[in-house]
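Shown next, in structure tokens, is the structure this report addresses.
Structural data, given as structure tokens:
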């Protein structure tokens, strides 16, 4: 009986450690309503982009996301884009396909609010992420509606797992 209890404790500790050890660039998050999922992915060598992710919406709509830290007041400024042109693009073209832009905050196990960590600092994925004013931005975007996604996620996303 003691052996089975020890095995159960080890399993719980292993699961907790595995979740805590997930690096941000492999983290998977979901919102409370199941309207969207966020999959972070490793960022290719970039002088400005510190994190990359995709947000999967209903109706098979995929929004591409990047994070660039501001210089003056250090903040992780996220952008979600839908159907942006590839290659050399102008600022106007990027602006036209951007469906949300804002600061991404993190929340740890104790409820402390911080900033989304850069992926290259080997930080573990935070328990929750807050995409400031995401719902409003997405609802007013051109990607929302009959030809796009129909559900708008809550601004808070919780860690669901880690990609392998």
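Numbering (mature numbering (1 follows the signal peptide of the UniProt record, and there is no 0)), first residue to last: -20 to -1, 1 to 144.
All C-beta atoms in this analysis are idealised placements derived from N, C-alpha and C, irrespective of residue type, glycine included.
Item	Value
Keeping to the same chain, check which residues put their C-beta closer than 6 Å to that of residue 128; ignore five residues upstream and five downstream.	41
Taking only runs that begin and end inside the stretch 113 to 143, name each unbroken alpha helix (DSSP H) of 4 or more residues, in chain order.	114 to 119
Just to confirm the assignment, what range does the alpha helix (DSSP H) spanning residue 74 have?	71 to 77
Nearest to residue 131 by alpha carbon, out of 11, 1 and 2?	11
Give every residue of the same chain whose Cβ lies closer than 7 Å to the Cβ of residue 140, excluding the five residues on either side of it in the sequence, and list them in chain order.	8, 9 and 10
Select from 66, 78, 58 and 65 the residue whose C-alpha is nearest the C-alpha of residue 110.	58
Would you list the one or two residues that DSSP bridges to residue 90?	Looking at the DSSP assignment, residue 90 forms no beta bridge with any residue, so it has no partner.
Just to check my reading of the structure: residue 4 and residue 122 have Cβ atoms closer than 8 Å, yes? What is that Cβ distance to the nearest angstrom?	With 8 Å as the limit, residue 4 and residue 122 do not qualify as a contact, their Cβ atoms being about 29 Å apart.
When DSSP labels each residue in this structure, what does residue 96 get in the three-state scheme?	coil
Just the C-alpha distance for residue 18 and residue 51, rounded to the nearest angstrom, thanks.	26 Å
Report the three-state DSSP secondary structure of residue 13 (helix, strand or coil).	coil
Tell me, please, which residues DSSP counts as bridged to residue 48.	29 and 57
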